[in-house]
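To keep things clear, I will list the structure first and then write my remarks on it.
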Amino acid sequence: MAYWLMKSEPDVFGWDDLVAKGVSPWDGVRNYQARNFLRDMAVGDQAFFYHSRTGLVIVGIMDIVAPAYPDPTAPDPKWVCVDVKAVRTFDHPVTLEAIKQDPRLSDMVLVKNSRLSVQPVTANEWQLTCAWGLKKA
DNA sequence: GCCAACGTTGGC
DNA sequence: GCCAACGTTGGC
6 MAYWLMKSEP DVFGWDDLVA KGVSPWDGVR NYQARNFLRD MAVGDQAFFY
56 HSRTGLVIVG IMDIVAPAYP DPTAPDPKWV CVDVKAVRTF DHPVTLEAIK
106 QDPRLSDMVL VKNSRLSVQP VTANEWQLTC AWGLKKA
């Protein structure tokens with residue numbers, strides 16, 4: 006059971022789009038490092054959905070519901086995608102700013118390598134972020 | 001919209 | 001195999 010974070014520009018494919026679809030392929034990844042993380046994913050892993058560019062917030066939690074398979078949108082079969090399912094919308098989206106300000110989260114790949122669109126999240130990072138995102142206030 | 005950071009490509 | 005040029009991502 007592993008944790009991940011996956012980014013999308015909300016103008017292109019946002020959290021609401023995934024909620025409306027229920028299950029969707031996470032396709033379009035064209036970066037080797039990100040591709041390798043996709044291949045490491047297993048059914049039952051969970052991932053944050055992050056809005057890049059015009060959002061800069063983690064907005065919800067997804068389940069990985071199908072392991073990596075060739076990305077049908079790619080011209081080359083070396084690229085893969087997984088299927089994801091929206092399972093929980095954060096009560097309070099967790100901002101990049103808040104993550105950067107907390108020393109316990111300042112080592113997150115999100116902060117350290119802002120260009121990587123699929124990245125691992127540690128169990129500690131996951132639990133802390135969930136505690137912020139799901140709290141009632 | 002700008003540009004820094006990063007990845008990829010291709011000439012040598 | 002190096003590295004300059006180019007393209008893309010994503011925070012600001």
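Residue numbers (the working numbering): 6 to 142. Built from N, CA and C at the ideal position, the CB exists for glycine as well.
The secondary-structure analysis by DSSP pairs aspartate 68 across a beta bridge with Gln51 and Lys90. Look at aspartate 96 here: in three-state DSSP terms it is strand.
Per DSSP, tryptophan 9 lies in no alpha helix (DSSP H) segment; the continuous beta strand (DSSP E) that holds it begins and ends at 8–13. In the three-state scheme derived from DSSP, where H, G and I count as helix and E and B as strand, tryptophan 137 is classed as helix. Relative to the Cα of glycine 49, the nearest Cα in the group Tyr8, Gly33 and Asp76 belongs to Tyr8.
For valine 114, the uninterrupted alpha helix (DSSP H) segment begins and ends at 114–117. Residue range 123–126 is occupied by the beta strand (DSSP E) that includes valine 126. With fewer than 16 neighbouring CB atoms inside 10 Å of its own CB, valine 116 falls in the exposed class.
Closest in C-alpha terms to serine 13, from the list Arg58, Ile69 and Arg35, comes Arg58.
Contact between aspartate 32 and aspartate 76 holds: CB atoms are separated by about 5 Å, below the 8 Å threshold. Around the Cβ of alanine 91, a 10 Å sphere holds 16 or more other Cβ atoms; the residue is buried. For proline 15 and isoleucine 63, the gap between their C-alpha atoms comes out near 11 Å.
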